[in-house]
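A.B. asks: Submitted below is the structure of interest, expressed as structure tokens.
Residue numbers (the numbering used here), protein chains in the order written: chain A, 457 to 754; chain B, 325 to 489.
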């Protein structure tokens with residue numbers, strides 16, 4: 457049951473709001489990523505007994521048949537590390553980042569490692585990804601996932617993101633802790649507006665630090681799984697207001713039709729640049745809701 | 325405390341892997357190796373050369389444990405074991421299921437005789453660490469001793485497999 461304040465807050469900004477409400481009661485689609493570090497996509501499709509449907513924006517990602525979804529982690533292919541359970545929308549930020557082998561890459565808030573291991577796979581175990589997180593418990597999950605999937609090109613560091621030591625990276629992924637509104641169907645969350653405000657304060661500090669760690673001409677991908685404009689456009693706007701060298705870039709991805717970022721929420725107006733950022737709602741593809749911004753340092 | 329392996333240490337480690345499993349050193353040419361008190365690790369060459377290597381908590385994946393004999397890890401074997409040429413135990417479905425569940429595989433006498441012609445060949449490999457396979461997929465590591473495979477799959481990875489969904 458969604459809080460009344462939540463509905464009031466988002467009625468005007470979430471398109472097709474009745475459909476959105478209907479999807480809030482629907483079970484989220486379960487998806488997997490084929491781990492090409494261990495098996496080719498073709499060999500996996502020959503081996504698996506899972507009934508799969510291709511996710512249009514990433515060839516290694518598939519939706520799993522609803523009846524089989526609960527058993528994925530008990531399959532032979534899961535045991536062998538051939539698949540990773542990951543929400544299809546959460547595979548978008550690494551695709552937007554487009555890592556390349558020779559680049560210096562940082563995943564500033566990496567645990568439990570869904571996106572880190574995807575980056576590792578996209579680089580085919582070459583190059584080096586620095587995967588950082590400050591929580592010891594969550595880092596163990598990151599470590600376990602790296603081991604099961606066979607990731608060799610990841611270094612794990614443990615710093616508070618806002619105190620990450622000075623260095624320079626070509627590409628940074630910043631998937632910040634957030635109020636999880638887009639993942640409400642997966643996690644039980646206690647929702648209120650003060651939580652959103654609290655996260656926004658933290659996220660602004662994190663994006664500022666991430667931008668400092670970026671090389672000139674480097675790319676920062678900022679993402680959340682929440683709808684709150686304070687945690688999305690508000691945070692990106694904060695960065696733009698303080699850094700003339702920060703430029704928002706249009707996100708171009710094949711196979712996905714998403715919504716533009718907002719330029720107005722209640723009494724707050726954001727720059728027109730926010731139209732280049734991307735919003736995905738749960739009723740678009742029955743995934744988590746997501747917000748993604750791609751920022752270049754001039 | 326992480327310490328990069330020098331050339332001799334790396335050669336020694338890989339010589340053991342070659343001698344035990346027939347996995348050639350050339351496969352590991354482009355990787356970096358380091359050790360902690362408990363384990364040897366393998367990672368990309370770029371990782372050991374990265375400026376954050378010294379300050380990193382860890383990296384890559386555990387390659388082997390320096391016990392009395394070097395014990396290769398399940399994760400390493402699942403990644404590189406397909407290149408092995410010897411000391412491989414190929415199991416049938418029933419045994420594979422048991423092995424993934426974490427059970428030891430005890431071959432009885434009659435099986436040992438039958439196994440000369442079947443896929444399960446307890447007599448075909450030496451005592452010590454062996455790679456366990458099912459239909460060409462690497463399940464992990466076992467210690468073969470006195471006709472049985474002692475299961476070395478980490479507890480956190482053991483699972484009751486559902487074959488048909």
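Where a beta carbon is used, it is the ideal one built from N, C-alpha and C, also for glycine.
Comparing alpha-carbon positions, which option in A:544, A:596 and A:685 lies nearest residue 508 (chain A)?
C.D. replies: Residue 508 (chain A) sits at position 52 when you count from the first residue of the first chain. Checked all of A:544, A:596 and A:685; the closest Cα to residue 508 (chain A) is A:544.
A.B. asks: Name the DSSP beta bridge partners of residue 382 (chain B), please?
C.D. replies: What you label residue 382 (chain B) is simply residue 58 of the second chain in a count that begins at 1. Paired residues: A:612.
A.B. asks: Helix, strand or coil: which one does DSSP assign to residue 536 (chain A)?
C.D. replies: Residue numbering aside, residue 536 (chain A) sits at position 80 when the first chain is read from its first letter. Three-state DSSP puts residue 536 (chain A) in coil, outside helix and strand.
A.B. asks: With a threshold of 16 other CB atoms inside 10 Å of the CB of residue 526 (chain A), please say whether the residue is buried or exposed.
C.D. replies: On the first chain, residue 526 (chain A) is found 70 positions in, with the first residue counted as 1. Flag for residue 526 (chain A) reads exposed.
A.B. asks: Can a CB atom of chain A be found closer than 8 Å to the CB of residue 446 (chain B)?
C.D. replies: Residue numbering aside, residue 446 (chain B) sits at position 122 when the second chain is read from its first letter. Unreliable placement is indicated for residue 446 (chain B), whose pLDDT of 48 sits below 50; the coordinate value is still reported in the next sentence. No, residue 446 (chain B) lies away from the interface with chain A (no Cβ there is under 8 Å from its Cβ).
A.B. asks: Going by C-alpha distance, which of B:412, B:428 and B:411 is nearest residue 419 (chain B)?
C.D. replies: If you number the second chain from 1, residue 419 (chain B) lands on position 95. Of the candidates B:412, B:428 and B:411, the one whose C-alpha sits nearest the C-alpha of residue 419 (chain B) is B:428.
A.B. asks: What is the DSSP secondary structure of residue 441 (chain B), reduced to helix, strand or coil?
C.D. replies: Walking along the second chain from the start, residue 441 (chain B) turns up at place 117. Note that residue 441 (chain B) scores 48 on pLDDT, short of 50, meaning its location in the model is unreliable; the coordinates nonetheless yield the value given after this. The answer is coil: DSSP assigns residue 441 (chain B) none of H, G, I, E or B.
A.B. asks: Does the CB of residue 374 (chain B) have a neighbour CB from chain A at under 8 Å?
C.D. replies: As a first step, residue 374 (chain B) is located in the second chain; it is residue number 50 there, counting from the start. Yes, its Cβ sits closer than 8 Å to a Cβ of chain A.
A.B. asks: Rounded to a whole number of angstroms, what is the C-alpha to C-alpha distance between residue 464 (chain B) and residue 655 (chain A)?
C.D. replies: Counting from 1 along the second chain, the entry for residue 464 (chain B) is found at position 140. Counting from 1 along the first chain, the entry for residue 655 (chain A) is found at position 199. If I take the Cα positions, the gap works out to 43 Å.
A.B. asks: Out of B:449, B:394 and B:369, state which residue places its alpha-carbon closest to the alpha-carbon of residue 469 (chain B).
C.D. replies: Within the second chain, residue 469 (chain B) is the residue found at index 145, counting from 1. Ranking B:449, B:394 and B:369 by Cα distance to residue 469 (chain B) puts B:449 first.
A.B. asks: To the nearest angstrom, how far is the alpha carbon of residue 539 (chain B) from that of residue 589 (chain A)?
C.D. replies: As displayed, chain B neither begins before 325 nor continues past 489, which places residue 539 (chain B) out of reach and without an answer.
A.B. asks: Would you kindly work out how many angstroms separate the C-alpha atoms of residue 671 (chain A) and residue 620 (chain A), rounded to a whole number?
C.D. replies: Mapped onto the first chain, residue 671 (chain A) falls at position 215. Mapped onto the first chain, residue 620 (chain A) falls at position 164. In a straight line, the C-alpha of residue 671 (chain A) is about 15 Å away from that of residue 620 (chain A).
A.B. asks: In the DSSP assignment, the beta strand (DSSP E) including residue 571 (chain A) goes from what residue to what residue?
C.D. replies: As a first step, residue 571 (chain A) must be located in the first chain, where it is residue number 115. Element bounds for residue 571 (chain A): not the beta strand (DSSP E) but the alpha helix (DSSP H), 570-578.
A.B. asks: Would you mind sorting residue 561 (chain A) into buried or exposed? The rule is 16 or more other CB atoms within 10 Å of its CB.
C.D. replies: Residue numbering aside, residue 561 (chain A) sits at position 105 when the first chain is read from its first letter. Answer is buried; the Cβ neighbour count reaches 16.
A.B. asks: What number of angstroms, rounded off, separates the C-alpha of residue 683 (chain A) from the C-alpha of residue 572 (chain A)?
C.D. replies: Position 227 of the first chain holds residue 683 (chain A). Position 116 of the first chain holds residue 572 (chain A). Cα to Cα, the separation comes out at about 23 Å.
A.B. asks: By the 10 Å Cβ neighbour count, where 16 or more other Cβ atoms means buried, how is residue 499 (chain A) classified, buried or exposed?
C.D. replies: The residue you call residue 499 (chain A) lines up with position 43 of the first chain. Exposed is the call here.
A.B. asks: List the whole-angstrom C-beta distance separating residue 750 (chain A) from residue 719 (chain A), where the pair is believed to meet the contact cut-off of C-beta under 8 Å.
C.D. replies: The sequence position of residue 750 (chain A) within the first chain is 294, counting from 1. The sequence position of residue 719 (chain A) within the first chain is 263, counting from 1. No, residue 750 (chain A) and residue 719 (chain A) are not in contact; Cβ-Cβ is about 17 Å, not under 8 Å.
A.B. asks: Might you give, ordered along the chain, the residues of its own chain that have their beta carbon closer than 7 Å to the beta carbon of residue 491 (chain A), omitting 5 neighbours on each side?
C.D. replies: Counting from 1 along the first chain, the entry for residue 491 (chain A) is found at position 35. Cβ neighbours of residue 491 (chain A) beyond the five flanking positions: 537, 538, 539, 540, 577 and 605.
A.B. asks: Let me know the secondary structure DSSP gives residue 446 (chain B) once reduced to three states.
C.D. replies: Counting from one through the second chain, the residue named residue 446 (chain B) turns up at place 122. Per-residue confidence for residue 446 (chain B) stands at a pLDDT of 48, beneath the threshold of 50, marking its modelled position as unreliable; the derived number appears in the next sentence. Note: residue 446 (chain B) maps to helix in three-state DSSP.
A.B. asks: Using the beta-carbon of each residue, which ones in chain A are nearer than 9 Å to residue 488 (chain B)?
C.D. replies: Within the second chain, residue 488 (chain B) is the residue found at index 164, counting from 1. In chain order: 505.
A.B. asks: Measure the beta-carbon distance from residue 550 (chain A) to residue 574 (chain A) and round it to whole angstroms, keeping in mind my assumption that it falls under 8 Å.
C.D. replies: Taking the first chain and counting its residues from 1, the one referred to as residue 550 (chain A) is at position 94. Taking the first chain and counting its residues from 1, the one referred to as residue 574 (chain A) is at position 118. With a Cβ gap of about 5 Å, residue 550 (chain A) and residue 574 (chain A) count as contacting.
A.B. asks: Taking only the alpha-carbon atoms, compute the straight-line gap between residue 441 (chain B) and residue 384 (chain B) and give it to the nearest angstrom.
C.D. replies: The sequence position of residue 441 (chain B) within the second chain is 117, counting from 1. The sequence position of residue 384 (chain B) within the second chain is 60, counting from 1. Note that residue 441 (chain B) has pLDDT 48, beneath the 50 cutoff, so the model's placement of it is unreliable and the number below is only indicative. Between residue 441 (chain B) and residue 384 (chain B), the C-alpha separation is close to 40 Å.
A.B. asks: Please compile the residues from chain A whose C-beta is within a distance smaller than 7 Å of the C-beta of residue 382 (chain B).
C.D. replies: Walking along the second chain from the start, residue 382 (chain B) turns up at place 58. 599 and 612, listed in chain order.
A.B. asks: Tell me, please, whether the CB atom of residue 480 (chain B) is closer than 8 Å to any CB atom in chain A?
C.D. replies: In the second chain, residue 480 (chain B) corresponds to position 156, counting from 1. Yes, residue 480 (chain B) counts as interfacial toward chain A.
A.B. asks: Tell me whether residue 648 (chain A) is buried or exposed, calling it buried when 16 or more other Cβ atoms sit within 10 Å of its Cβ.
C.D. replies: The residue labelled residue 648 (chain A) in the question sits at position 192 within the first chain. Exposed, by the Cβ-count rule.
A.B. asks: Does the beta carbon of residue 608 (chain A) sit closer than 8 Å to a beta carbon anywhere in chain B?
C.D. replies: The count along the first chain starts at 1 and reaches residue 608 (chain A) at position 152. By this cut-off, residue 608 (chain A) is an interface position.
A.B. asks: Does residue 386 (chain B) have its Cβ less than 8 Å from a Cβ in chain A?
C.D. replies: The residue you call residue 386 (chain B) lines up with position 62 of the second chain. Yes, residue 386 (chain B) counts as interfacial toward chain A.
A.B. asks: What ranges does the alpha helix (DSSP H) occupy inside the stretch 629-685 of chain A, keeping only unbroken runs of at least 4 residues that lie completely in it?
C.D. replies: Qualifying alpha helix (DSSP H) stretches, in chain order: 649-668.
A.B. asks: Which of the residues in the stretch 479-496 of chain A, read from start to end, lie with their CB under 8 Å from any CB of chain B?
C.D. replies: Within the stretch 479-496 of chain A, the residues whose Cβ lies closer than 8 Å to some Cβ of chain B are 493 and 494, listed in chain order.
A.B. asks: What residues in its chain sit with their C-beta under 7 Å from that of residue 351 (chain B), if we drop five residues either side in the sequence?
C.D. replies: Taking the second chain and counting its residues from 1, the one referred to as residue 351 (chain B) is at position 27. Counting only Cβ-Cβ distances below 7 Å, and skipping sequence neighbours, we find 404 and 407.
A.B. asks: Based on Cα-Cα distance, which residue from A:722, A:624, A:581 and A:519 lies nearest to residue 669 (chain A)?
C.D. replies: The residue labelled residue 669 (chain A) in the question sits at position 213 within the first chain. Closest by alpha carbon: A:624.
A.B. asks: Pick helix, strand or coil for residue 525 (chain A), following the three-state DSSP scheme.
C.D. replies: Here residue 525 (chain A) refers to the residue found at position 69 of the first chain. Here residue 525 (chain A) sits in helix by DSSP.
A.B. asks: Can you have a look at residue 678 (chain A) and say buried or exposed, based on whether 16 or more other CB atoms are within 10 angstroms of its CB?
C.D. replies: The sequence position of residue 678 (chain A) within the first chain is 222, counting from 1. Residue 678 (chain A) is buried by the Cβ-count criterion.
A.B. asks: Measure from the alpha carbon of residue 600 (chain A) to the alpha carbon of each residue in B:391, B:355, B:479 and B:485, then state which is nearest.
C.D. replies: Position 144 of the first chain holds residue 600 (chain A). For residue 600 (chain A), the nearest C-alpha among the options comes from B:479.
A.B. asks: Can you tell which of A:730, A:626 and A:752 has the C-alpha that lies nearest to the C-alpha of residue 686 (chain A)?
C.D. replies: The residue given as residue 686 (chain A) occupies position 230 in the first chain. The residue with the shortest Cα to Cα distance from residue 686 (chain A) is A:730.
A.B. asks: Closest to residue 362 (chain B) by CA distance: which of B:379, B:389 and B:372 is it?
C.D. replies: Indexing the second chain from 1 puts residue 362 (chain B) at position 38. Nearest option by C-alpha distance: B:389.
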